[in-house]
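In the numbering used here, the protein residues as written are 64 to 371. The structure appears right after this line, and notes come after that.
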């Protein structure tokens with residue numbers, strides 16, 4: 064008879080509590096509720112109220128993060144990976160290892176400060192539905208993330224490569240580089256909507272924060288002594304400069320030190336400055352590819368390729 068017992072669950076690092084607390088990962092939905100309660104009780108906008116609300120939201124975020132961490136576990140068994148989560152409603156996700164086609168190891172800036180990474184496990188189509196085709200294990204040490212990536216991807220050793228007693232390559236796997244980051248790619252950044260959204264989101268967030276500042280704390284800048292058309296022209300020029308510069312900076316940060324290589328039976332892509340990503344896909348499990356090009360990209364003769 065086969066052994067159907069599930070492997071013992073592992074917990075993520077307790078440092079993830081700090082990360083989720085300072086980013087309000089779980090408690091973001093509670094922030095509007097806290098603000099609505101404060102407004103309903105007629106609280107003022109003085110510094111005391113601001114401090115009290117900040118402390119309350121931080122404590123709620125810490126409590127939510129602690130409960131979520133306590134109720135989350137993952138395990139990689141001989142034939143499957145199991146993720147258990149949920150506070151009131153428990154969810155146990157089991158994905159056979161032979162249905163896993165790729166693993167991505169992310170290292171956001173805050174995670175790197177405490178030596179942690181986030182592991183995204185991409186299941187093959189048909190194993191689960193829609194957006195549920197991905198398992199996420201957030202907050203494990205870098206060594207554990209690399210272990211999971213190596214453990215969950217089935218290795219197919221190419222012909223002619225020496226293997227060791229465990230069936231793995233005896234030495235470094237042969238590597239073939241397909242492409243790497245070219246600074247000339249930055250000229251296409253203003254033509255990509257995703258990169259243009261970066262400065263727009265930053266400016267929007269800045270205006271929202273400024274709108275929340277009490278009037279007595281705002282500096283009196285006065286009115287510019289310029290004709291209306293000049294003000295509009297200066298505003299448009301500044302907007303174009305911000306959008307172009309922001310999109311170029313965003314593109315450079317996302318694709319920093321990008322490399323796409325074939326290593327053994329896998330495609331490996333590494334990129335990112337603020338968030339470093341290591342994505343590995345088994346070539347035999349790639350179902351196809353997509354080449355997309357918006358209007359601006361088509362006019363420039365450029366496109367974006369994605370594996371399916």
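Glycine included, C-beta positions come from ideal geometry on N, C-alpha and C.
- Taking C-beta atoms as the reference points, residue 150 and residue 164 fail to come closer than 7 Å.
- Taking each of 337, 254, 142 in turn and checking the Cα distance to residue 311, the smallest one comes out for 254.
- Taken through DSSP and simplified to helix, strand or coil, residue 142 comes out as coil.
- The beta-carbon separation of residue 76 and residue 171, rounded to 14 Å, does not stay under the 8 Å limit for a contact.
- Counted as a single uninterrupted DSSP element, the alpha helix (DSSP H) harbouring residue 208 occupies residues 205–215.
- Selection 130, 86, 131 evaluated against residue 117 yields 86 as nearest (Cα-Cα).
- Residue range 78–85 is occupied by the alpha helix (DSSP H) that includes residue 84.
- Beta-carbon to beta-carbon, residue 80 and residue 125 are separated by about 7 Å, close enough to satisfy the 8 Å threshold.
- If you look at residue 359, you'll find it in the alpha helix (DSSP H) that goes 358–363.
- In the three-state scheme derived from DSSP, where H, G and I count as helix and E and B as strand, residue 338 is classed as coil.
- Counting C-beta atoms within 10 angstroms of its own C-beta, residue 152 has fewer than 16 neighbours from the protein chains shown and is therefore classed as exposed.
- Straight-line spacing of the CA atoms in residue 160 and residue 320 works out to 30 Å.
- Membership of residue 175 in the alpha helix (DSSP H) is indicated by the continuous run 172–176.
- Per DSSP, residue 124 has no beta-bridge partner at all.
- If you draw a straight line from the Cα of residue 206 to the Cα of residue 327, it is about 21 Å long.
- The three-state secondary structure of residue 349, taken from DSSP, is coil.
- Distances from the CA of residue 146 to each of 127, 214, 212, 72 were compared; the closest alpha carbon is that of 72.
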